[in-house]
Structure formats: C-alpha cells, structure tokens
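In what follows, a single structure is set out as structure tokens and then discussed.
2 protein chains.
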Amino acid sequence: MTSALQSYLEAHDADARDLLVRLCRQPSVSAQHLGMGEMAALVEQLLAAAGFTTERFAVPDAPPIIFGERKGRSPYTLLLYNHYDVQPPEPFELWDSPPFEPTIRDGKLFAHGASDNKSEIAARLSAIHALLATEGDLPITLKWIIEGEEEVGSSHFEDIIAPHRQRLTADACLWEGAGFDVQGRPELGLGSKGLLYVQLDVQCLSRDAHSGGAPVLPSAAWRLVQALATLKDASGRITIPGFHDAVRPPSEAQIAALREQPVMDEEMKVTYGVERFVDGLTGHDLFVRQAFAPTCNIAGLESGYTGEGSKTVLPAKAMAKIDFRLVPDQEPGDILAKLRAHLDAQGYRDIQITTSETAEPVVTPLEAPIVRHIAAIAESFEGKRPSITPLSGGTLPLLGALKRQVGVPGLSAPGNATYYGNLMHSPNEHIRLADLARAVRFNCHMFAQLGA
Amino acid sequence: MTSALQSYLEAHDADARDLLVRLCRQPSVSAQHLGMGEMAALVEQLLAAAGFTTERFAVPDAPPIIFGERKGRSPYTLLLYNHYDVQPPEPFELWDSPPFEPTIRDGKLFAHGASDNKSEIAARLSAIHALLATEGDLPITLKWIIEGEEEVGSSHFEDIIAPHRQRLTADACLWEGAGFDVQGRPELGLGSKGLLYVQLDVQCLSRDAHSGGAPVLPSAAWRLVQALATLKDASGRITIPGFHDAVRPPSEAQIAALREQPVMDEEMKVTYGVERFVDGLTGHDLFVRQAFAPTCNIAGLESGYTGEGSKTVLPAKAMAKIDFRLVPDQEPGDILAKLRAHLDAQGYRDIQITTSETAEPVVTPLEAPIVRHIAAIAESFEGKRPSITPLSGGTLPLLGALKRQVGVPGLSAPGNATYYGNLMHSPNEHIRLADLARAVRFNCHMFAQLGA
C-alpha cells in the first residue's frame, strides 16, 4: 500500500462509516416492498459519485439491478456482486435500537443490513474513493451489479441479467464478501450449496373433525408425520432412493482447507445453546460435515390446533416445509423427481408437493487460477494464510444464474465487515467498526494487486 | 300422555322455542369468560320460576354450578345434568347470522349453543312447566345441576360438587341428552371415552438457526417427527408398550346394540368429504371401531416457519398436541406413565410431556336396571326401539367426577334436540324446531313414566 493511500485512509477513517450509516438509514426490505425505489436511487447515485457509468437492468414488477462500470488502468476486469435489500427486520421489540437508525455502541455499528451486506457496499466504495483520490484512477476495470432481491431468493435475477450477459463478462467475479476469521485470517468462500425448498400438503377431510372421530376418520397429521418419517432413518441418513447418487465426494485439498480453519466448537455451542453436535462431531470433522453433507431440513410444520391449552380436533390438513441443501453435483429438479417418486412408492400419492425455491450448487475449485491468485493476494495483505471454505452451508441462488449466463469464475473474499458474532438476519445485527476499516484496506490492497 | 297435557303442549308450542331464544341470546363463553355471570343468573332465575329451590355451588375463580331441587309425587329421584356454557363462537365470518342472535330459517333455530346444550335446558324446563300446569306437581323428584365449564373440560366440577355430594344422591342420573336418529328412533348413550390430552415439547437449540447449519445442528422438528412415528406403526396400531393391556373387549350385547343402529356411511362421507374410512371400514363395523377403539390423535403440530412462501430456518423448538381417547378399563395416569416410559426407552428423554386434560372412561352396562327401564320408556314413547350407543367417541370429563363423588348410574336419553346435522361446535349451529317440540314431549313422557 502506498504511503499516500495510507495517509488518505487515516485522514478519512470516518468515510466508510458515514457511507454505511447512509445506506443503513434507508430501509430496503424486499419481502415487504419497503423503500426499494429510494434504495435503488441511492445506490445508483453513490456509484455515479464514484465515477461509474450506471444503468438500471430491470424487468417489470421487480426492483432493478443497478449496474455500474468504470474503466481502470489495467484491462483486468473484476465483476463485483452485491445486493441492496435486507430481510424483514421483525421482531422490532428485540432490537436495542431501531433497525433503520444506525447506532454506534462499543465500537460497533448496529443497524439492519449493516453486516448483510451494506458494509460491503460501503467498504468497496470507500476503497474506490481512496484509490481515485490518491492515484487519479483505478488499477483495474470494475463492473458492479447490485441487486434488490437477494433476500427473497434473487427470484428475477436471471431474467434481469440475461439480456445484458455480454456486458458482464470479466476475468473474475467477487461475490458477496467474506470477512476475517477469529484468528484474523482472511476468509475465502468458494461456493454455496444448492437448494430445493418445497411445501408438502396433505388433506384427508374437507373440514376439521371432533377428535372423537379418530377411530375411523383418516388423519392428515398422522399421514404427514409418517410420510416425513420415511425420508430419514433413525441415524439421520436421508433415505430417498437415489438422493446421494450425484454427490461428489470432497477432494483431499478441500478437506485439507477445512482442516486449516480454526476450530469453532465452543463459539457454536454458545451461539446455539447446544452441548453436542449431530453424531457427536467435533473440531474439523464438524466443518467437513457442515460443508459437504446435503440436508433434508424441516423448516416448518403445522397442523390443527396450536394455541394455548387443549382443543380436541382431528385436523383436516397438515403441512410441512422442507429445504434440501444440495452439494455438487446434485440438481434440484432431479431431487424433486426422486422425492415425488419416493412418496408415491411409499403410498403417499395424495401428498402434494409445491416447490418455492430452487438453486443449484456452485463451487469454484481450489485449483482454479483465480482462487490461487486471490489467495496469494489475501496472504500478502497482513501475512496471514487465508482461511478457505470450499463450500458454505448456505445458498446464493444468483450464483447459478451468474454461472449459466456469464460463466465467469467467482469467489467471496474479505471485502466486508462480517464476523462470527454479527447477528446477521437477526435483531441487533451489527458490524465492528475496526473490521470495516480493515475491509476498506483489504479492498484497496486487492484492487491494487489485481492490477499489478 | 294425558289429553290435558296434550292440549297444553299444543296451546304452548312456542314456549320451548321462546325459552331457547332467551338462553341463546345470552352469550356464555367459558373459555373467554364472556357473559358467564349473566348466564348463571338467568339459569337460576329460570329454575326458580319453575318452582325449584335453587342454590349456587361454587369455588373461587370458576363459574358456579346452579343446583335446583323440586320434590315430586313419587320419591323416585332423578338427577339431571346440563351445562350453561358454550364453545368460543369463532370464526364469526362463517356464521350466516350472528351466533348470539337466534334466528329462525326453514324451521330451524340458528344460534351458538342452540344444540349444545341450551335446547336441552329449554326442553326439560318446558316439560316441567307443562306437567306443573296440567297436574299441579311433578310425577318424580328432580335434582338438577347446571355447570358453567363443560366446554373447558369441567375443570372445577369435582371440586365444586364434592362438598355437596350427599345432596346429589338420586336413583339415576340423566347426563347431557341424546336426540333421535335418522329413523326417528330415540337415542340412548351409555358412556363416554376417557381422555389424556398432552403436549409434547422438544427444544434442541436455544434459538432458531439458519438452515445452512442443518448438517451439524440437532433438529427439534425431526426429533419430534421421529418420536411421533414410534407411537404408531404403518397400519395405524398404537405401539406404546402396554397401551392396550387394560382394554376390555366389547360385550356381545354391546356389539349387537351397535348393529341395530342405522348405517351412516353416506352421511359421514358427505360431512367429512372422505371417500374411505380407516382400514376401509363400512357399515356397522365402522360403529364398532368408532365405539371401542382407543385412539392416539395428533390434534396439533407446530414448528418453525409456517407462513407464506419459504424461510430457510432450522427451528429451535417443535410441539405436538396429542389426545388419547381411552376405553374401559384404561386409565389416563397409567397411559401417561406408559407414554413417558416408551419415549424414554426410544431415546427421547428430552421430550417434555405436559398434561392438560385427563378423564376416565365411564360406561353404564347395557344390563343395568336403569338402562332397561329408560329403554322401555323410550320405546313406549312412539313405539320405536331405542338406538343405543354403548360408548361414544367423545369425552365428558364430569362423568368420572359424578361417578366418584355421587356414584349414581347414568345415561343420556333423547331429552334435547340434537340431530346428525346440527353443526355443534361450529358456525351455523342449529336445531330443528320439530325436534325441540318432540324433545319436550319425550321429557314429559319420561318424567311421567318414571313416576308411574
């Protein structure tokens, strides 16, 4: 880092924070259509102020993607991805300060979206301003797409970018950022799991009956419970025939990468109030399972009377929401077909399956040149080896669309201010201001090195 | 029936309807503490107006039992039981006329509580007035208890009556009434099933997690589903060890009584929108199963996200409400102990069981003198053989308390205006006015015959 840049960052150490405050003060709840127009305008204005030519990519009835482009000294082109929407902030009563009134306490900035992912927009923008101020232009060419539907499954993302796919070509893509781990090592994320989210509905009666009829009337709740019980065996293994067929085992390099990460057992135990993880896993085995096991999770379950006390009802209907997290090379469509075939074979043809989300797993190999390149840059930042997650437990539906439409290899790098305790998606979401400053420095370093 | 009585009933054919309108106009929702004081006062006033000496039996924080007594010509003493409370009337929007504004359409009176069981109070009172008007006194001695908590499980019933048990002794007890079946045969009900209503709660995390953690974090929803699945086998048989040990098989006479009832398959199919009953049962086999099978019903099920669309959550908690209907000689305490032992043995010590209702099964044998006596009286009413249900699918928790405290043998007889389509406990609950008039006549006949 040049001394000019260093001096600039010291003199402007409040810039990123002020930018983040501006971004967080504007509500942008995609699920509730709250503030989305204002937020898109703010993002476009901020990109333009950083010298980007901007454009809106849009389809009807969806918040636009803000696209910006700024040429740099080198033809090396980096595609940046972010989103300007946030999850619903409810329950309000659990927030110590209002979710859209950014508040600083104990060196932390509390606001909804502060971590996910407005801090990354602020950190990237601040780094760009610093580079422009000290060097007059950017070391590399940047293209930047900032969408407004990530928190609702990026439902129009592919439709929106498809007509503009040529515009998005780049040497590499930086997805939503990672942060620094508990040892201060820069995190790199190489992929996310696929997702098949379905609702199972079963109805056995046209209306709820008095439970006195239970000896002779069919029960939707029992039918659902018994159908669900066929999806997993007692050991927790998913028993849908063919479910694991396409699972590609992790490579030795991927497992080795996980074994280099700091063990997090105690932090996770405290966070979730558990004494023991599935199958008694500990340490690095926990990471390997976390990264490479596909799942069949019950996200929701409902039938009959769920209020206080007792009501003797035989419910007409029962419902379960199930999310399957998929690993390479599982495909959501194939898993859906296998689920249907399994339920049919078990005698549950009457259970209706409605799909609400699908996403394919996307993984950039450890051996990809962009991964080696960014890893080397990350290590040169503060001399610490990066902590690499070959496959994360979550899902970014947009990655599949990006892969299909643009095909550029991507990863997450520590461009934002996330850390383990950030309470992302929860009341009192926050970032640590020191992490934000480090994220600005990291971005400056990374952009400069990519242009070197 | 004397011709004087007959003339009186013809001249006063609107009396029972007017009484019922008065009773139904007064809301009395025990679960919501709505109108209970006013309703108790109205009931006491109506008993007093029929020449009963009245008294309130009460414990703190519960609606009182109204007790009334009136001596008759014969020392034969009949204890009548009714309740003046109703279920919550919600959902209001499904009522064609407001639940507490009695409305007559097509010869039917629509109001909440019209069938269950204000019509029986009206019919019994009207019969008493008719007998008093035409004969000057009653043929038998009547004692009458009318409680205010039947719809919330008669939770204080035993505490309330215990100090007054001597006052309640009688030759027989008539419980809440039955009606006439589809062939116009008088119905007799000889008992009700026991009940064990429990809530199962399981918590595996201190807070909901992102479902990306599903590979390693324990799932409350899966644990509950798998625990529930151990309670029944694929054929629907309850698999809790010892659950059936105390089940007394029905007697041949009980089965024969059920085989005399009119087949109701088509009516039940229409009512519940089903094409097929459990195990393909039809006709009288359906009645036998309905009457004598104990059940394990899932009345409620809840975990995680149950709203629209998708939320990828791994729920911290899961809950099921289960009601067991018990047959002679099963005991709720014994079944609870067996449920606990079974869950423990299956590895589910962490599943918490909370009991919210218990009741023992109570059955008066077909061979009991009171049954033979009332059956003969019922047959002499219009010459039709009574339709006898040896054990009903529902539960009257008060019967166990009556049995323990007073010990008088009881049954239900067609003293009220229920019929198969009355929509009891549902919007548009109603009675047919012709049934109400018949119920008044039946009560006159029964009281007179018991005194003969």
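Going down the list, the sequences are from chains A and B. When we follow this note's numbering, the leftmost residue of the first sequence carries the number 1, and every step to the right adds one. When we follow this note's numbering, the leftmost residue of the second sequence carries the number 1, and every step to the right adds one. All residues carry an ideal CB built from backbone N, CA and C; glycine is no exception. Given the structure is predicted, the values throughout are model-derived calculations rather than measurements.
Residues that SER206 of chain B contacts on chain A, provided the C-beta gap is smaller than 7 Å: TYR272 and GLY273
Straight-line gap, VAL408 of chain B to LEU231 of chain B (C-alpha atoms, nearest Å): 37 Å
Exposure label - ASP181 of chain B; buried when at least 16 CB within 10 Å: Burial check for ASP181 of chain B: the Cβ neighbour count within 10 Å reaches 16 or more, so the residue is buried.
Three-way DSSP call (helix, strand, coil) for PHE277 of chain A in this model: coil
Burial state of TYR81 of chain B (16 or more Cβ within 10 Å): buried
Separation of ILE146 of chain B from ALA359 of chain B, as counted between CA atoms: The alpha-carbon atoms of ALA359 of chain B and ILE146 of chain B are separated by roughly 19 Å.
Cutoff 8 Å; reference HIS210 of chain A; Cβ partners in own chain excluding five residues on either side: THR312, VAL313 and LEU314
Beta-carbon spacing of LEU200 of chain A, ALA320 of chain A below 8 Å: yes
As assigned by DSSP and simplified to three states, the class of LEU228 of chain B: Here LEU228 of chain B sits in helix by DSSP.
Selected residue, minimal CA-CA separation from LEU132 of chain A, among A:LEU450, A:CYS444, A:ALA452 and A:GLN449: A:CYS444
Interface partners of VAL278 of chain A on chain B, CB under 8 Å: PRO215, VAL216, LEU217 and PRO218
Residue-level contact to chain B via CB, ARG325 of chain A, 8 Å cutoff: Any Cβ of chain B closer than 8 Å to the Cβ of ARG325 of chain A would place that residue at the interface, and such an atom is present.
Residues bridged to GLU197 of chain A (per DSSP): It should be pointed out that residue 197 of chain A corresponds to Tyr in this sequence rather than to Glu. Note: TYR197 of chain A is bridge-paired with A:ASP323 and A:GLU357 in the DSSP secondary-structure output.
Sufficient close CB pairs (3 or more, under 8 Å) joining the stretch 436-443 of chain B to the stretch 9-23 of chain B: yes
Inter-residue Cα distance where the pair is PHE92 of chain A and SER126 of chain B: 58 Å
Sequence-distant residues of its chain with Cβ nearer than 7 Å to PHE292 of chain B (five each side left out): Excluding residues up to 5 positions away in sequence, PRO250, VAL327 and LEU391 lie with their Cβ nearer than 7 Å to the Cβ of PHE292 of chain B in the same chain.
Segment contact flag, the stretch 260-276 of chain A with the stretch 373-392 of chain A, C-beta cutoff 8 Å, min 3 pairs: yes
TRP222 of chain A to THR395 of chain A span [Cα, whole Å]: 32 Å
Proximity to PRO361 of chain A [Cα-Cα], best of A:LEU9, A:LEU398, A:GLN346 and A:THR355: Comparing Cα-Cα distances from PRO361 of chain A to each of A:LEU9, A:LEU398, A:GLN346 and A:THR355, the minimum goes to A:LEU398.
Every unbroken alpha helix (DSSP H) within the stretch 327-412 of chain A, with a cutoff of 4 residues, ordered by chain: 332-345, 369-382 and 397-405
Endpoints, beta strand (DSSP E) assigned at GLY189 of chain A: Unbroken beta strand (DSSP E) run through GLY189 of chain A: 187-189.
The beta strand (DSSP E) enclosing ARG105 of chain A, as first and last residue numbers: In the DSSP annotation of this structure, the continuous segment of the beta strand (DSSP E) that includes ARG105 of chain A starts and ends at 103-105.
Start and end residues, beta strand (DSSP E) containing LYS108 of chain A: 108-110
Distance between LEU23 of chain A and ALA41 of chain A (C-alpha atoms, nearest Å): 11 Å
Collapsed DSSP secondary structure at ILE298 of chain A in the structure displayed: strand
Member of A:VAL86, A:LEU174 and A:SER380 whose CA lies at the smallest distance from the CA of PRO454 of chain A: The structure shown does not extend to residue 454 of chain A, since chain A spans only 1 to 452, so no value can be given for it.
Within chain A, the residues that ARG289 of chain B reaches when beta carbons sit closer than 9 Å: PRO215 and VAL216
Same chain only: Cβ atoms within 6 Å of SER154 of chain A, ignoring 5 sequence neighbours per side: PRO397 and LEU398
C-beta contact flag for LYS317 of chain B and GLN203 of chain B at 8 Å: yes
Assigned secondary structure, GLN26 of chain B (DSSP; H/G/I helix, E/B strand, else coil): coil
Secondary structure, beta strand (DSSP E): runs of 3+ residues fully inside the stretch 60-99 of chain A: Fully enclosed beta strand (DSSP E) runs of 3 or longer: 65-70 and 77-83.
Residue-level contact to chain B via CB, GLY394 of chain A, 8 Å cutoff: At a cut-off of 8 Å between C-beta atoms, GLY394 of chain A counts as an interface residue with respect to chain B.
Close-in-space but distant-in-sequence residues of the same chain around GLY415 of chain A (CB under 7 Å, 5 per side omitted): GLU120, ALA123, ARG124, LEU174, GLY177, ALA439, PHE442 and ASN443
Under 8 Å from the C-beta of LEU411 of chain B: neighbouring residues of chain A: By Cβ distance, chain A contributes nothing, its closest Cβ being about 18 Å from LEU411 of chain B, past 8 Å.
DSSP three-state assignment for GLN203 of chain B, whether helix, strand or coil: strand
Reduced DSSP category for ILE146 of chain B - H, G, I as helix; E, B as strand; rest coil: strand
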